[in-house]
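Single-structure report; data block below.
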Amino acid sequence: MKPGVHERKWEVDSLCYTIRLAYGYWKTSKDTAPFDDAWREAITKIVRTFREQQRKDGKGPYHFMRRTEFQTDTVAGHGYGNPAKPVGMIFSMFRPSDDATVFPFLIPSNFFAVVSLRQAAEMLEQISHDVALAGQCRALADEVEQALHQHAVVHHAKLGQVYAYEVDAYGNYYCIDDGNVPSLLSLPYLGAVKSDDKIYQNTRHLVLSDANPYYCQGKAANGPGGPHVGMDMIWPLGLIVQGLTSTNDSEIRECLITLQKTHAGTGFMHEAFNKDDPKKFTRSWFAWANTIFGELVLKTFNERASLLD
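Take any residue in the sequence shown, note its place counting from 1, add 71, and you have its number in the numbering used here.
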């Protein structure tokens, strides 16, 4: 632990977002000026970090321990996490919520890594003409994808084949979802799977039902939650992602209405709110949720404007 570094929690998605932002900016603007030697060096370090955290040759350099009363705020296994079989997926000690993982292979984040590495490869080839580094990105993406095919899909007693939230590649898995991005619900939004993918649809039914212990059904609203702020708390991020990934007009409209009536008179999205009383919320200002809410409104306006009437 080093002073001045906040918070030093290793999440796979942190590096994926670096690429996602760059790729989205490039595709929209066609501007290549930011993608110089420093950017190529950053991609090199991302690939190196992902490779280290595949942990094929030992535990690697990263570990995290702290004294805390919250189990999710430190890492088991002397800071290296619970054991997992090195099969090609990337170990993630923390989730996007900053909670420690139970099993180190966080499935949504590994899907995100596959997409991001292929985006990086495209940029490296077309902008930097670095075929070698692009090849490394694609090879790593292929390896992670193959491991996902082998270990991410599990059998649910009621819903059949679903994507697990976390696995250890020893046969153990955790079937929940967290109201963040990346999440299982967000996989089509990230470009990782098609929205009509059968396994994704089964997983979606799990996430948005009482088969998911963190799905909330209350007097004020129904919606996805997560472990970070505890039971009975709905995440606007989860509702927004539900709307972004839905192809059903009624479902999208319901998400928008729920978000509109649960901001507790503040005019802003919060981190989470109580399923029975939206006035009980966490974070009066949560930029992540506010920004992606704007994305949902814009997407709906462009594709289904009548739903905003």
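We put the beta carbon where it would ideally sit given N, CA and C, even for glycine.
Comparing alpha-carbon positions, which option in the options lies nearest residue i?
i      : options                           : result
PRO175 : PHE183, LYS156 and PHE182         : LYS156
ASN251 : ASN361, LEU219 and ARG189         : ASN361
ARG166 : VAL312, GLY159 and ASN181         : ASN181
ALA223 : ASP213, VAL238, ARG209 and LYS229 : VAL238
PHE135 : VAL76, LEU92, PRO179 and GLU112   : VAL76
SER266 : LEU379, PHE364 and SER317         : SER317
HIS149 : LYS127, PRO132 and MET160         : PRO132
GLY129 : TYR151, VAL118 and ALA147         : TYR151
ALA228 : THR115, LEU86, ALA282 and ILE90   : ALA282
VAL118 : LEU195, ASN345 and ALA104         : LEU195
ILE161 : GLU216, ARG137 and GLY314         : GLU216
So, helix, strand or coil for residue i, using DSSP?
i      : result
PHE141 : coil
THR172 : coil
ILE161 : coil
THR89  : helix
ALA13  : The structure shown does not extend to residue 13, since the chain is modelled only from 72 to 380, so the question has no answer here.
TYR96  : helix
VAL103 : The question names Val, but residue 103 is Thr in the sequence shown. The answer is coil: DSSP assigns THR103 none of H, G, I, E or B.
PHE364 : helix
PHE352 : strand
Taking the straight line between their C-alpha atoms, what separation do you get for residue i and residue j?
i      : j      : result
GLU342 : LEU367 : 16 Å
TRP97  : PRO253 : 22 Å
ASN243 : ASN153 : 11 Å
ALA376 : VAL158 : 45 Å
LEU177 : GLU123 : 16 Å
GLU82  : ALA147 : 15 Å
CYS287 : ASP320 : 22 Å
GLU374 : LYS73  : 47 Å
SER163 : THR172 : 7 Å
SER85  : TYR260 : 17 Å
ALA113 : VAL185 : 17 Å
ILE305 : ALA358 : 17 Å
GLN125 : ARG324 : 41 Å
PHE339 : ILE90  : 28 Å
GLY365 : GLU214 : 35 Å
THR115 : TYR245 : 32 Å
ALA191 : ASP108 : 14 Å
ARG111 : PHE344 : 41 Å
THR103 : LEU92  : 13 Å
query: What alpha helix (DSSP H) runs, 4 residues minimum, are completely inside the stretch 173 to 243?
result: 178 to 194 and 202 to 222
task: List in chain order: all unbroken alpha helix (DSSP H) runs of 4+ residues lying wholly within the stretch 247 to 301.
output: 258 to 261 and 269 to 278
query: With a cut-off of 8 Å, do at least 3 Cβ pairs link the stretch 286 to 296 to the stretch 339 to 359?
result: The stretch 286 to 296 makes contact with the stretch 339 to 359; the number of CB pairs closer than 8 Å reaches 3 or more.
task: May I ask you to verify whether the stretch 195 to 208 touches the stretch 142 to 154, counting CB pairs closer than 8 Å and requiring at least 3?
output: no
query: Do three or more CB pairs link the stretch 240 to 250 to the stretch 300 to 316 at distances below 8 Å?
result: yes
message: Can you confirm whether the stretch 125 to 142 touches the stretch 184 to 204 when touching is taken to mean that 3 or more C-beta pairs between the two stretches lie within less than 8 Å?
response: no
query: Within the chosen definition, does the stretch 275 to 287 reach the stretch 324 to 340 through at least 3 CB pairs nearer than 8 Å?
result: no
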